[in-house]
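As structure tokens, the structure follows; a few thoughts come after it.
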Amino acid sequence: MTVSGRTAALGSTRRFLALLRGINVGGRNALPMAELRALGEELGWSNLRTYIQSGNLVFAAKRSGRDVERRLEDELEAGLARRCAWSVPVIVRGASRWTAYVRGNPFAAAAEATPNLVMLGLSKELPSPDAPGVLMDRARDGEQIALVGDALWIHFPGGVARSKLAQALLDRVVGSPVTMRNWNTVRMLGEMVGA
């Protein structure tokens with residue numbers, strides 16, 4: 001487990017998580033997590049912490065009102081566009097929504113047995129109610145799919161790499177880029193944000 005970051009007094013701030021899609025440890029689309037935290041500071045965010053090297057940022061921000069998550073996504077995406085040579089889709093969720101994800105995992109038993117094979121998928125747009133059915137038409141090897149609120153949950157008992165549920169298919173069915181995190185990461189981010 002790699003957890004790093006800075007601590008600041010939260011005061012009246014709200015806690016959030018930002019999930020960056022397509023950030024890799026090495027090679028293409030590599031973004032050092034120290035650079036991500038520095039960008040968060042430039043945006044006026046505090047209590048910045050990252051988890052592993054795949055673009056998971058927990059932070060606090062003095063933001064409120066309607067569409068606060070979308071505005072934070074826009075802020076971070078614009079900042080990343082200034083720093084990177086590629087577009088980085090960002091999904092932001094508040095701490096209370098993350099708590100609902102942790103508690104609402106429909107594959108809890110499988111997640112406890114094989115946490116790396118149960119994935120939470122989030123997108124900027126709400127997946128349509130028929131998304132699980134469309135994806136189940138492509139599912140293999142006992143894969144299970146459930147839509148809980150705005151969260152798309154997938155259990156990959158045969159492994160993610162062998163699945164026919166490719167990223168492009170998920171994006172097309174949902175209608176917006178989807179970023180996935182396994183159950184271990186979901187739980188750890190929940191602990192970090194206080195869910």
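Be aware that the sequence shown starts at 1, since it is given in the working numbering, and climbs by one per residue.
All residues carry an ideal CB built from backbone N, CA and C; glycine is no exception.
Computed from a predicted structure; not experimentally measured.
Helix, strand or coil at residue 66 according to DSSP, with G and I counted as helix: Residue 66 falls in the coil class under three-state DSSP.
Of the listed residues 183, 187, 122, 73, nearest to residue 167 (C-alpha basis): Of all alpha-carbon atoms in 183, 187, 122, 73, the one lying nearest the alpha-carbon of residue 167 is that of 122.
Three-state secondary structure (DSSP) of residue 96: Three-state result, residue 96: helix.
Proximity test, residue 106 beta-carbon vs the ligand HEM heavy atom, cut-off 7 Å: Inclusion of the ligand HEM in the displayed structure is not the case, the ligand content being empty and no account of it being possible.
Continuous beta strand (DSSP E) stretch holding residue 167: start and end: From DSSP, residue 167 is part of no beta strand (DSSP E) but of the alpha helix (DSSP H) over 167-174.
Span of the alpha helix (DSSP H), counted from its first residue to its last, around residue 189: Per DSSP, residue 189 belongs to the alpha helix (DSSP H) from 183-193.
The stretch 182-195 contacting the stretch 114-132, beta-carbon criterion three pairs below 8 Å: The count of Cβ pairs closer than 8 Å, one atom from the stretch 182-195 and one from the stretch 114-132, reaches three, so the stretches are in contact.
Span separating the alpha-carbon of residue 15 from that of residue 192: About 10 Å.
Start-to-end residues for the alpha helix (DSSP H) that takes in residue 37: Counted as a single uninterrupted DSSP element, the alpha helix (DSSP H) harbouring residue 37 occupies residues 33-42.
With 16 other Cβ atoms within 10 Å as the buried cut-off, status of residue 41: Exposed: under 16 other Cβ atoms inside 10 Å.
Reduced DSSP secondary structure (H/G/I, E/B, other) of residue 116: Correct three-state label for residue 116: helix.
CB-CB length for residue 146 against residue 132, believed under 8 Å: Sure, about 6 Å apart at Cβ, within 8 Å.
Counted within 10 angstroms of its Cβ, other Cβ atoms place residue 112 as buried (16 or more) or exposed: With fewer than 16 other Cβ atoms from the protein chains shown falling within 10 Å of its own Cβ, residue 112 counts as exposed.
Local Cβ density within 10 Å of residue 33, reported as buried at 16 or more and exposed below that: Flag for residue 33 reads buried.
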